[in-house]
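Q:
Residue numbers (the working numbering), protein chains in the order written: chain A, 1 to 343; chain B, 344 to 601.
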């Protein structure tokens with residue numbers, strides 16, 4: 001389990017201090033694939049780098065258990081470890097990066113051996129294990145290739161193999177798929193999910209792409225300007241984002257409705273299962289009310305249907321009220337007015 | 344023209360030169376190689392410290408230490424070699440008991456070259472991607488492991504390129520050391536050519552120096568390009584072509600410019 005308690009990070013800059021993270025507390029359970037999302041500059045990279053102390057938090061605790069033997073068997077605060085203890089703890093926390101960060105002067109096999117060299121694993125055993133990891137990431141024929149000879153996706157696979165080589169408990173992914181094309185992204189995500197399920201490694205995934213989160217994450221936290229604004233299961237956050245920042249991320253394509261002459265705008269949220277029912281058509285037939293679809297976004301999350309729709313109600317108050325009561329009566333659908341839509 | 348070559352004076356100078364040549368080449372290469380090795384023994388660790396010791400480095404050192412280190416290196420680099428060499432004469436006497444001869448050239452050469460080496464090493468190591476260092480840190484590598492397994496191997500092609508430049512610079516400095524009683528090709532050019540106006544010997548010695556520089560540069564470039572794994576086979580051929588083009592451009596530089 002990883003527990004971040006009241007993490008703050010301040011970067012001193014030429015024009016004053018910059019608060020990158022402000023009092024963030026969150027818990028990542030063992031075996032989770034935990035997504036941390038936010039716009040660029042929200043502080044998500046800083047947050048993940050605080051987990052292995054590449055960035056030392058200005059305040060707060062980074063608690064993890066199972067890394068070092070403690071007297072009481074409880075979790076340790078990484079911030080309180082000596083440099084040597086921290087290095088030992090870091091062997092159980094692997095990290096992969098957007099830019100892969102492979103050693104360019106070493107072959108793939110030697111790259112995978114690298115963390116084991118650091119940990120003092122005998123050469124022959126390291127090589128044997130490295131070959132196994134090459135197999136796991138699906139590149140058994142690239143042992144003697146240099147990173148420069150590989151594609152981006154292949155480099156990330158080697159980086160993942162290298163991350164696994166130290167037998168970690170946690171895998172931190174800092175924008176690991178952001179430099180890759182959509183097809184490669186999917187295959188890398190599949191690999192991370194596979195590793196999570198087969199080896200039971202907890203994964204923390206930093207991304208600005210919601211598609212990544214919905215593809216593999218079990219829980220998610222949303223960051224905005226250094227604050228954690230929402231956290232929960234992916235289902236909760238996706239079906240009903242409670243904050244403006246959450247909605248912006250979950251429904252990035254908010255329709256531009258200035259063009260539509262409508263009185264009231266409501267957001268209809270589908271909470272699993274009902275996305276595929278012809279709600280709007282039934283509304284038109286059953287009530288005879290014509291609503292305007294201003295924007296819609298439906299997704300398939302972990303086998304269940306989720307989504308939301310922005311509807312412009314008719315200007316006639318009576319018809320609008322009729323439509324509202326019809327929508328409210330539906331199962332698995334929540335309706336809320338969007339008062340600030342015209343603002 | 345033929346008369347000139349047939350003149351007894353020229354022939355006499357030329358045969359004297361040929362007689363001196365093997366010893367001169369040996370002296371020049373001997374002092375260059377030894378001085379380069381010693382300059383690296385001192386300069387390489389300093390260059391590493393300059394990179395790893397800074398505030399964002401893998402093993403930050405006290406600010407005053409870094410400031411002092413930079414200051415000393417800058418001072419030594421700003422003293423012209425000829426002056427530094429004269430200042431270092433007592434050092435040769437102290438270490439070797441003599442201030443003339445091939446061995447006596449080495450301490451001044453080392454003193455002049457090690458700050459240069461430190462800066463060259465520093466700039467090579469700075470080329471290593473910060474992300475790679477971070478990855479190694481995230482894996483729990485110690486500062487020493489990062490230097491030995493990441494910084495130096497990753498910077499190898501660049502280190503070899505700069506080592507070539509250093510060797511050629513020391514060769515040039517060594518030629519200058521002829522003025523204060525050194526030996527080798529430079530000393531011959533100065534003692535016979537400049538002081539006794541035996542121009543044939545002077546030019547012949549300079550031509551041999553030019554050839555030595557070309558050979559060292561070609562070997563250095565080939566080794567550096569060959570050690571670079573960032574480029575694929577096709578890229579390596581191109582790298583070598585570019586390097587050769589560079590060498591032939593250098594050939595057009597007149598000898599006096601060295």
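C-beta: ideal position from N, C-alpha, C; glycine also.
Note down, in chain order, each residue of its chain lying with its Cβ closer than 6 Å to the Cβ of residue 370/B, except the 5 sequence neighbours on either side.
A: Once the five neighbours on either side are set aside, the close Cβ partners of residue 370/B are 445, 526, 527.
Q: Is the separation between the beta-carbon of residue 189/A and that of residue 206/A shorter than 8 Å?
A: No. Outside cutoff.
Q: Can you tell which of 151/A, 50/A, 36/A, 337/A has its C-alpha closest to the C-alpha of residue 102/A?
A: Nearest of 151/A, 50/A, 36/A, 337/A to residue 102/A, Cα basis: 151/A.
Q: List the DSSP bridge partners of residue 350/A.
A: Nothing in the structure corresponds to residue 350/A, since chain A is present only between 1 and 343.
Q: For chain A, is any of its Cβ atoms less than 8 Å away from the one on residue 484/B?
A: Yes, residue 484/B counts as interfacial toward chain A.
Q: Taking DSSP as the reference, what is the three-state secondary structure of residue 98/A?
A: Here residue 98/A sits in coil by DSSP.
Q: When you check each C-beta in the segment 150-169 of chain A against every C-beta of chain B, which residues fall closer than 7 Å?
A: Within the segment 150-169 of chain A, the qualifying residues are 166.
Q: Identify, in the order they occur along the chain, each residue of the same chain with its Cβ nearer than 8 Å to the Cβ of residue 240/A, setting aside the five sequence neighbours on each side.
A: Same-chain partners within the cutoff: 269, 271, 334.
Q: Please tell me whether residue 412/B and residue 467/B are closer than 8 Å, where the distance is taken between their beta carbons.
A: Not closer than 8 Å, so no.
Q: Just curious, the alpha helix (DSSP H) that residue 154/A is in, first and last residue?
A: Here the alpha helix (DSSP H) through residue 154/A covers 152-165.
Q: Under a CB-based cut-off of 8 Å, is residue 20/A close to chain B?
A: Chain B contact via Cβ: absent.
Q: When Cβ atoms are compared, which residues of the segment 113-147 of chain A fall closer than 9 Å to chain B?
A: If the cut-off is 9 Å between Cβ atoms, the segment 113-147 of chain A has 114, 115, 117, 118, 119, 146, 147 near chain B.
Q: Below 8 Å between beta carbons: does that hold for residue 87/A and residue 570/B?
A: In this structure, residue 570/B does not lie closer than 8 Å to residue 87/A by Cβ.
Q: Identify the continuous beta strand (DSSP E) that holds residue 386/B and give its terminal residues.
A: Residue 386/B -> not in any beta strand (DSSP E); alpha helix (DSSP H) instead, spanning 351-395.
Q: In the segment 86-114 of chain A, which residues sit with their C-beta less than 9 Å from some C-beta in chain B, listed in chain order?
A: Against chain B - using a Cβ distance shorter than 9 Å - the residues of the segment 86-114 of chain A are 86, 87, 88, 89, 90, 91, 92, 93, 94, 95, 96, 97, 98, 99, 100, 101, 102, 103, 104, 105, 106, 107, 114.
Q: Look up residue 202/A in the DSSP assignment and give the residues it is bridged to.
A: Paired residues: 170/A.
Q: Given 8 Å as the limit, is there contact between the segment 13-29 of chain A and the segment 219-226 of chain A, that is, 3 or more CB pairs closer than that?
A: They touch, by the three-pair rule.
Q: Closer than 7 Å, Cβ to any Cβ of chain B: which residues of the segment 40-56 of chain A, in chain order?
A: Listed by position along the chain: 52, 54.
Q: Strictly below 8 Å CB to CB, what residues from chain C border residue 496/B?
A: As a matter of chain content, chain C is missing from the structure shown, whose protein chains are A and B.
Q: Consider the Cβ of residue 356/B: report whether some Cβ of chain A lies at a distance smaller than 8 Å.
A: Chain A contact via Cβ: absent.
Q: With residue 222/A as the anchor, note down where its beta strand (DSSP E) starts and where it stops.
A: Note, residue 222/A: beta strand (DSSP E), 219-224.
Q: Please decide whether residue 490/B counts as near chain A, where near means a Cβ-Cβ distance under 8 Å.
A: Not closer than 8 Å to any Cβ of chain A, the Cβ of residue 490/B fails to qualify, so no.
Q: Where DSSP assigns a beta bridge to residue 8/A, which residues make up the other side?
A: Answer is 59/A.
Q: For residue 301/A, name the three-state secondary structure that DSSP assigns.
A: Residue 301/A: strand per DSSP, three-state reduction.
Q: With a threshold of 16 other CB atoms inside 10 Å of the CB of residue 52/A, please say whether the residue is buried or exposed.
A: Counting Cβ neighbours within 10 Å, residue 52/A comes out buried, since at least 16 surround it.
Q: Hey, does residue 470/B have any beta-carbon neighbour from chain A nearer than 8 Å?
A: No, residue 470/B lies away from the interface with chain A (no Cβ there is under 8 Å from its Cβ).
Q: Restricting to runs no shorter than 4 residues, where is the alpha helix (DSSP H) found entirely within the segment 407-471 of chain B?
A: Correct list: 424-430, 432-439, 445-469.
Q: Suppose you measure from the CA of residue 414/B to the CA of residue 543/B; what does that come to, to the nearest Å?
A: If I take the Cα positions, the gap works out to 44 Å.
Q: With a threshold of 6 Å on Cβ separation, who are the neighbours of residue 556/B within its own chain once the five nearest residues in sequence on each side are excluded?
A: Result list for residue 556/B: 511, in chain order.
Q: Would you report the Cα separation of residue 461/B and residue 193/A, rounded to the nearest angstrom?
A: Their backbone Cα atoms lie some 47 Å apart in a straight line.
Q: Residue 564/B to residue 500/B, Cα distance in whole Å?
A: In a straight line, the C-alpha of residue 564/B is about 9 Å away from that of residue 500/B.
Q: From 560/B, 558/B, 572/B, 529/B, pick the residue whose C-alpha is nearest to that of residue 360/B; which is it?
A: Checking every option, the nearest Cα to that of residue 360/B belongs to 529/B.
Q: Are at least three pairs of beta-carbons, each pair with one atom in the segment 474-482 of chain B and one in the segment 513-524 of chain B, less than 8 Å apart?
A: No, the segment 474-482 of chain B is not in contact with the segment 513-524 of chain B.
Q: Round the Cβ separation of residue 294/A and residue 312/A to the nearest angstrom and send it over; I've been treating them as touching at under 8 Å.
A: Right, their Cβ atoms sit about 5 Å apart.
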